[in-house]
Each structure stands twice: as C-alpha cells, then as structure tokens.
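Numbering (the numbering used here), first residue to last: 1 to 114.
Note that CB positions come from ideal geometry on N, CA and C, so glycine has one too.
Down below is the structure, laid out as structure tokens.
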Amino acid sequence: MTNVSIIARILNTVKVVPPGFVASYGQVADLSGLPGRARLVGKQLTNTFEGAAIPWHRIVRSDGKIAFPVGSEKAEEQRQRLIAEGVVVRNNRISMKRFQWQPDLAEILHTLKY
DNA sequence: GATGTGACTTTGT
DNA sequence: CACAAAGCCACAT
C-alpha cells in the first residue's frame, strides 16, 4: 500500500468527524486501518491544516487535551473553532465523555471500502 | 545504521 | 492529578 493512500485514508477519516464532536489521534488512526500510528495522524495534519476543508481542530489527545502548548497561537485557534461549534473547552481540555465522536456503522463503512 | 524528535497512547506508580 | 516508562512509527541528522 502506498504512502499516498495512507494519507488519503487519514484525511478522509478526519473529514467524517462531524461538527460539535472531537476524535483522538489514535481513534482516527484506528478508523483509518492504521492502529498504533496516532503520531502519523498528527504528522499528516501538520502538512495539511493550513490547506482547507479538513477539520483538523476536531482532533485532540485521547485524554481530551488540545495537543498544542497552552496559550500558544495554535491552541487558541483550535479552542476558538471548537467553541464556535458548541464544544466546551476548559483549561485546554475537552470532556471526551460528552464530545468524543462515536461513529455509527455507516460511517465505519467508509473506512472499509479501501 | 544509530540517535533523537514529535499535533500520540496505554499502563503503572 | 502528575509523572515515568514503554510502545509506536516516519523523518531528519
């Protein structure tokens, strides 16, 4: 499997995360058929979040924390974008219990058609 | 090829 | 809740 298709899987998965919810890096990796490669997800978002149409701000750490340093420009932008969609962010952290995206079968199918 | 560095995760203190 | 350790993998040096 080529690198480009791996990147495509990751980006496609991120695009499926609905507004008002978040997913963890590891979750995106898993749904993309790439278990154990959470760091690769972050890596790819780095290369693309300046681009467009990719809701990079909906991806956070497994414990709900925003991955950027508190107070940094990126952390601020991510916080703003999330709050704008109704996600509650307190102390750079989100309640995964309330806001983590739980994909249904139809959405999981998206990851199986590769 | 060894080493260090990440938008990471899990488990154990 | 904080911290450490180990696991993970692509990339740059």
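Taking each of R93, I7, Q27 and S24 in turn and checking the Cα distance to K65, the smallest one comes out for R93. Comparing alpha-carbon positions, the option among P55, A8, A23 and S5 lying closest to K97 turns out to be A23.
Closest option to K74, judged by alpha-carbon separation, among D63, I59 and K15: I59.
Taking the Cα of H57 as reference, the smallest distance to any Cα among S32, D30, R37 and V16 is reached at V16. Cβ contact annotation for S62 (same chain, cutoff 7 Å, sequence separation greater than five): S24 and G26, in chain order.
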